[in-house]
Amino acid sequence: MTSGNAPYAARDLAHVWHPCTQMKDHEQLPMIPIRRGDGVWLEDYDGKRYLDAISSWWVNLFGHANPRINAAVREQLESLEQVILAGFTHEPVIALSEALTALAPPGLTRCFYADNGSSAVEVAVKMSFHYWRNCGRTQKRRFITLTNSYHGETLGALAVGNVDLYKEIYQPLLMDVISVPSPDCFERETGESWAEHSRRKFAAMKAALAAHAHEACAVIVEPLVQCAGGMRMYDPVYLTLLRAACDRHQVHLIADEIAVGFGRTGTLFACEQAAIRPDFLCLSKGLTGGYLPLSTVMTTDAIYAAFYAEYTKLRAFLHSHSFTGNPLGCAAALASLAIFRDDHILERNRSLAAHMGARARELEDHPHVAEVRQRGMIVAIELTPNKATREPYPWTERRGLTIYQHALRCGVLLRPVGNVVYFMPPYVITPAQIDLMVEVARAAIELATCD
Ligand code: PMP
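Structural data, given as structure tokens:
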């Protein structure tokens with residue numbers, strides 16, 4: 001029997017190739033093996049605990065080892081772990097589809113399942129393209145996307161995303177997309193409101209739609225917050241304008257709520273804040289409370305109908321993943337939705353969000369903080385070497401890594417995106433834990449910017 005972190009870290013580094021990691025960094029950076037999770041806490045084999053301020057890559061909603069979700073998964077495990085979803089079905093996927101249809105913007109009545117976020121984006125992209133083909137609009141084959149957007153790592157999802165760090169090297173493999181400047185409100189003029197800025201930035205989208213509608217299948221956006229792009233935020237008015245323009249030009253709207261869905265922005269779905277219904281709504285991450293890999297693309301009867309025909313017409317959507325609609329994932333998702341309902345989570349989150357925002361805004365006066373911004377349960381702190389110009393630190397300086405390491409030493413898991421320190425904690429966090437998280441972030445920022 002081995003004990004402590006070291007033996008696990010050594011075994012790990014002998015064989016595991018980690019995601020989104022320069023493995024050479026681990027010559028200096030200790031690998032942290034996690035033995036157990038409990039609420040907001042992760043505990044390693046040395047017995048050290050870390051407050052999971054980023055919900056383990058934005059997935060966890062109600063804490064690790066949540067008793068209610070555990071019980072639901074355990075119960076499901078006793079009867080059915082997995083079954084093919086072509087030709088067969090099961091009660092959890094039926095109940096989940098009914099529940100999601102009741103909760104999502106009205107009219108999203110059809111749920112197509114996959115098993116991760118990128119796959120959901122692939123599904124939405126393929127479905128939109130295929131819909132127009134089935135309608136005889138074969139010239140529609142391109143997608144309109146925002147700069148600084150992120151939609152996943154598979155080739156289709158990467159193509160419709162826009163973060164160079166992840167995309168540039170693979171460019172020769174990717175389909176060509178139409179990029180429109182992001183409405184990102186960090187770039188607003190002095191004195192300009194978020195709504196004014198978002199409205200002004202819509203001019204470029206309006207022009208792109210006018211120019212490309214004949215060849216465009218869909219516009220894809222992350223509603224309200226571009227998460228991987230540094231938690232850059234914009235006003236709901238942009239989505240309202242976008243919905244109307246897409247309708248006018250007969251272009252689909254794909255809302256990628258993989259990161260922002262399930263209460264992160266303050267409402268169950270971010271689209272609600274603009275009172276819009278997308279043609280495709282992509283969900284994953286928090287769908288299962290962050291427990292299991294599952295995703296779904298919700299769409300309308302009208303789109304479904306365009307695929308519904310005699311088999312020999314070859315109109316069907318012949319896309320599949322082995323673990324599509326996995327019963328354990330669906331059971332976790334149903335338990336997570338029950339917690340939302342029974343515990344009035346969205347209402348309770350309002351006071352947590354107010355506390356988190358107020359504490360984080362105390363950093364606004366810091367000489368190296370360019371902005372503190374918030375949308376619901378997402379708070380971001382943008383760092384800069386120069387408060388007047390608000391320029392970024394050169395990426396090669398890796399200031400975020402200093403913050404990550406210092407926070408870990410203090411027992412908080414923060415994982416800055418570039419120059420942006422952010423909080424996206426599980427909803428079971430307490431005000432005292434928020435205080436700890438913000439204090440540790442403040443000290444880490446101090447350390448990373450003191451030169
Ligand atoms: N879309 C968005 C908005 C995301 O934030 C992510 C993941 N960070 C994805 C898609 C991809 O999801 P996955 O990592 O499950 O493939």
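Residue numbers (my numbering): 1 to 451.
Glycine included, each C-beta is placed from N, C-alpha and C at the ideal position.
Keep in mind it's a predicted model, so treat the numbers as computed, not measured.
Name the DSSP beta bridge partners of residue i, please?
i	result
Trp58	For Trp58, which the question treats as bridged, DSSP gives no partner whatsoever.
His64	Gly39
Phe143	Ala218
Tyr468	The displayed coordinates of the chain run from 1 to 451. Any statement about residue 468 would go beyond what the structure contains.
Glu382	Glu371, Val420
Val412	Leu51
Leu241	Note: Leu241 sits in no beta bridge, so no partner.
Phe280	Ile254, Thr299
Ser193	In DSSP, Ser193 forms no bridge with anything.
Gly233	One point to set straight first is that residue 233 is Met, not Gly, in the sequence displayed. For Met233, which the question treats as bridged, DSSP gives the partners Val225.
Ile178	Ile144
Asp44	Ile34
Leu268	Per DSSP, none; premise fails for Leu268.
Going by Cα to Cα distance, which pick from the options is closest to residue i?
i	options	result
His321	Asp451, Asp115, Asn148, Arg36	Asp115
Asn70	Gly289, Thr312, Gly152, His90	Gly289
Gly87	Ser295, Met231, Gly325	Gly325
Arg415	Ser3, Cys227, Ser97	Cys227
Arg36	Gln28, Tyr45, Pro30, Leu29	Tyr45
Val297	Ala338, Leu253, Tyr291	Leu253
Arg375	Ser97, Thr267, Lys48	Thr267
Ala275	Arg248, Pro30, Gly286, Val237	Val237
Met231	Gln22, Leu173, Tyr150, His344	Tyr150
Ala448	Asn5, Arg49, Leu165, Pro385	Pro385
Tyr131	Arg68, Phe317, Leu174	Phe317
Val180	Glu196, Ala195, Asn162	Asn162
Gly156	Ile94, Val125, Ile178	Val125
Ala195	Asp343, Leu239, Leu13	Leu239
Gly418	Tyr393, Ile32, Leu436	Tyr393
When you compare only the Cα positions, how much space is there between residue i and residue j?
i	j	result
Gly329	Ala210	41 Å
Arg110	Pro278	13 Å
Lys206	Ala245	7 Å
Ala305	His319	17 Å
Thr396	Glu310	57 Å
Met1	Tyr8	Legend: pLDDT at Met1 = 47, less than 50; position of this residue unreliable, no value from coordinates given.
Glu446	His366	9 Å
Gln273	Asp451	41 Å
Val372	Tyr308	48 Å
His453	Arg399	Because the chain is modelled from 1 through 451, residue 453 falls outside the range shown and cannot be assessed.
Gly261	Asp184	19 Å
Ser284	Arg188	31 Å
Ala102	Leu108	9 Å
His15	Gly4	19 Å
Arg133	Ser198	33 Å
Met233	Thr312	46 Å
Leu77	Pro67	15 Å
Gly152	Ala259	11 Å
Ser193	Arg137	40 Å
I'd like to know whether the C-beta atoms of residue i and residue j end up nearer to each other than 8 Å.
i	j	result
Phe202	Leu146	no
Val438	Arg359	yes
Arg264	Ile429	no
Phe280	Ala255	yes
Phe186	Val160	no
Ala72	Asp38	no
Ile105	Phe269	Note that residue 105 is Pro in the sequence shown, not Ile. Yes; because the gap between Cβ atoms is below 8 Å, this pair is in contact.
Lys140	Glu215	yes
Glu362	Ala370	no
Ala99	Cys282	no
Pro476	Val83	Outside the modelled stretch of the chain, which goes from 1 to 451, sits residue 476, for which no answer is possible.
Glu257	Pro293	no
Ala443	Cys410	yes
Ala208	Ile169	no
Report, in whole angstroms, the separation of the C-beta atoms of residue i and residue j, which I expect to be a contact under 8 Å.
i	j	result
Val412	Leu51	5 Å
Ser118	Ala218	That belief does not hold up - the Cβ atoms of Ser118 and Ala218 are roughly 17 Å apart, past 8 Å.
Tyr427	Ala380	Rounded, the Cβ-Cβ distance is 18 Å, inconsistent with contact.
Gln336	Leu61	The question names Gln, yet the displayed sequence has Ser at residue 336. Right, the Cβ-Cβ distance comes to about 6 Å (below 8 Å), so this counts as a contact.
Ala388	Ala441	Not confirmed; about 23 Å, so no contact.
Ser55	Met424	5 Å
Leu96	Ala338	Leu96 to Ala338, Cβ: 11 Å. No contact.
Ala331	Pro92	5 Å
Trp57	Arg49	With a Cβ gap of about 19 Å, Trp57 and Arg49 do not count as contacting.
Gly286	Val59	6 Å
Ala213	Gln171	No, Ala213 and Gln171 are not in contact; Cβ-Cβ is about 25 Å, not under 8 Å.
Ile34	Glu43	7 Å
Ser295	Tyr166	Not confirmed; about 19 Å, so no contact.
Kindly say whether residue i, judged by its beta-carbon, lies nearer than 8 Å to any beta-carbon of chain B.
i	result
Thr299	Structure shown: chain B not included; a single protein chain is present.
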